[in-house]
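Numbering-wise (UniProt numbering), the sequence shown opens with residue 1 and increments by one. Reviewing the structure listed below.
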Amino acid sequence: MPEILDQARTQVLENGVGLDEAGVLAVLNLPDEQLPAALQLAHEVRMRWCGPEVEVEGIVSLKTGGCPEDCHFCSQSGLFTSPVRSVWLDIPSLVEAAKQTAATGATEFCIVAAVRGPDARLMKQMREGVAAIKAEVDIQVAASLGMLSKEQVDELVDMGVHRYNHNLETCRSYFPNVVTTHSWEERWETLRMVRESGMEVCCGGILGLGETVEQRAEFAAQLAELDPHEVPLNFLNPRPGTPLGDRPVVEGKDALRAIAAFRLAMPRTILRYAGGREITLGDLGTRDGLLGGINAVIVGNYLTTLGRPATADLELLDDLKMPVKALSATL
């Protein structure tokens with residue numbers, strides 16, 4: 001077994017201390033023949049420090065498209081020629097989406113808006129929507145509304161939002177190549193305020209934006225420093241009309257190497273399959289990732305792209321004898 005995996009077995013599996021940036025890079029550079037061993041070790045780490053349960057989540061877009069930011073991967077930017085146009089979801093539709101999500105067995109329902117940050121209209125819609133969901137659906141409500149002020153953080157806490165998603169997207173050194181209308185530091189400040197508020201922090205990003213392997217390791221180390229409750233791992237699904245629309249899809253083996261490396265960097269974190277896994281990994285790769293460190297999935301469709309049917313993921317979890325995390329365990 002390579003030296004880095006021997007080190008990780010002692011440091012991460014036995015002692016629960018994640019790999020540093022150099023260690024993550026060593027895992028990302030493992031040859032293909034060592035990938036099964038890395039995935040097996042990552043799975044053992046997940047089972048020891050997180051347990052066998054898998055957290056299932058559904059997401060819905062409250063406000064889609066028309067975003068003023070220029071995130072180069074995103075078809076919801078109003079600055080690109082991609083076909084997504086601005087749409088608002090009404091409260092009854094929001095509640096119905098939460099009901100459908102809960103029916104899959106999911107414990108998490110995340111409300112997402114394509115904005116730089118929420119204005120008064122969006123915060124009012126959120127307050128009404130969260131109240132309506134809580135009145136009718138037994139599910140935890142999370143939110144992803146861009147960059148926040150301290151007052152908005154406090155308001156979300158007051159609403160009963162228990163987890164906030166705000167992805168750093170990529171490492172600090174590469175971020176200016178992906179977004180120019182705001183900074184990595186601005187995102188970090190929102191995450192700091194969310195953590196201090198007591199809400200759970202959900203923060204991940206997208207692999208395959210053009211970053212180097214070294215920058216991928218940098219990103220894992222920066223996430224580990226943040227110590228989020230949850231890390232959603234997305235793989236770029238190139239969107240027509242965006243600046244990254246012609247980028248190649250991440251190779252399946254590279255995606256699996258990243259899953260193992262991120263798990264070994266963050267042994268106790270919820271590591272969630274998010275967008276792009278269908279085209280990057282397919283069914284067999286999805287199974288490999290669940291046996292290689294992943295312990296949460298988004299079921300159904302994503303914000304602007306189609307996902308696997310929820311039933312396909314739930315059947316796979318049942319086949320792998322991985323129990324879906326019960327809502328009562330999160331309250």
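Quick reminder that beta carbons are idealized off the backbone N, C-alpha and C, glycines included. Just so we're clear, the structure is a prediction, and the values are computed from it rather than from any experiment.
For residue i, three-class secondary structure by DSSP
i: residue 337; result: The displayed coordinates of the chain run from 1 to 331. Any statement about residue 337 would go beyond what the structure contains.
i: G252; result: helix
i: A106; result: coil
i: S61; result: strand
i: N15; result: coil
i: P83; result: Residue confidence for P83 is low, a pLDDT of 47 falling below 50, so the modelled location carries little weight and cannot support an answer.
i: E185; result: helix
i: T330; result: Bear in mind that the predicted position of T330 carries a pLDDT of just 36, short of 50, making it unreliable; the figure below should be weighed with that in mind. If DSSP states are grouped into helix, strand and coil, T330 belongs with the helices.
i: L247; result: The residue you asked about is not Leu; residue 247 is Arg in the sequence shown. Looking at R247 - three-state DSSP - the assignment turns out to be coil, as it is neither helix nor strand.
i: E53; result: coil
i: A113; result: strand
i: V297; result: strand
i: N165; result: strand
i: T304; result: Confidence at T304 is low in this model, with a pLDDT of 36, below 50, so the placement of that residue should be treated as unreliable; the coordinate-derived value is given next. T304 falls in the coil class under three-state DSSP.
i: A312; result: helix
i: L95; result: For the sequence presented, residue 95 should be read as Val rather than Leu. If DSSP states are grouped into helix, strand and coil, V95 belongs with the helices.
i: V194; result: helix
Neighbourhood of residue i by C-beta distance below 8 Å, restricted to the same chain and skipping five residues each side
i: L320; result: R287, L290, L291
i: D154; result: S197
i: G285; result: G252, A255, L256, R277
Where the beta strand (DSSP E) containing residue i begins and where it ends
i: S144; result: 140-144
i: A8; result: Unbroken run through A8 is the alpha helix (DSSP H), 3-8; no beta strand (DSSP E).
i: V157; result: From DSSP, V157 is part of no beta strand (DSSP E) but of the alpha helix (DSSP H) over 150-159.
i: C202; result: 200-202
Cβ neighbours of residue i in the same chain (closer than 6 Å, five flanking residues each side left out)
i: G204; result: N167, V231, P232, L233
i: Q11; result: V17
i: T181; result: E69, D70
Run of the alpha helix (DSSP H) containing residue i, from where it starts to where it stops
i: V27; result: 21-28
i: V45; result: 35-49
Short CB-CB distance (under 9 Å) between residue i and chain B
i: A103; result: Here there is only one protein chain, and chain B is not present.
**Asked** Fully enclosed by the stretch 254-293, which alpha helix (DSSP H) runs are 4 residues long or longer?
**Response** 277-290
**Prompt:** Would the stretch 138-145 and the stretch 99-108 be scored as touching if the rule is three or more Cβ pairs under 8 Å?
**Reply:** yes
**Prompt:** What are the start and end residues of each continuous beta strand (DSSP E) run of 3 or more residues lying completely inside the stretch 204-239, in chain order?
**Reply:** 205-207, 230-235
**Message:** Check whether the stretch 219-232 and the stretch 255-265 are in contact - that is, three or more C-beta pairs closer than 8 Å.
**Reply:** yes
**Message:** Across the stretch 124-134 and the stretch 163-183, are there enough close Cβ pairs to call them in contact, namely three or more that are closer than 8 Å?
**Reply:** no
**Request:** For the stretch 105-119 and the stretch 52-61, state whether three or more C-beta atom pairs, one from each stretch, are separated by less than 8 Å.
**Result:** yes
**Prompt:** Touching or not, the stretch 180-197 and the stretch 145-162, by the rule of three or more beta carbon pairs under 8 Å?
**Reply:** yes
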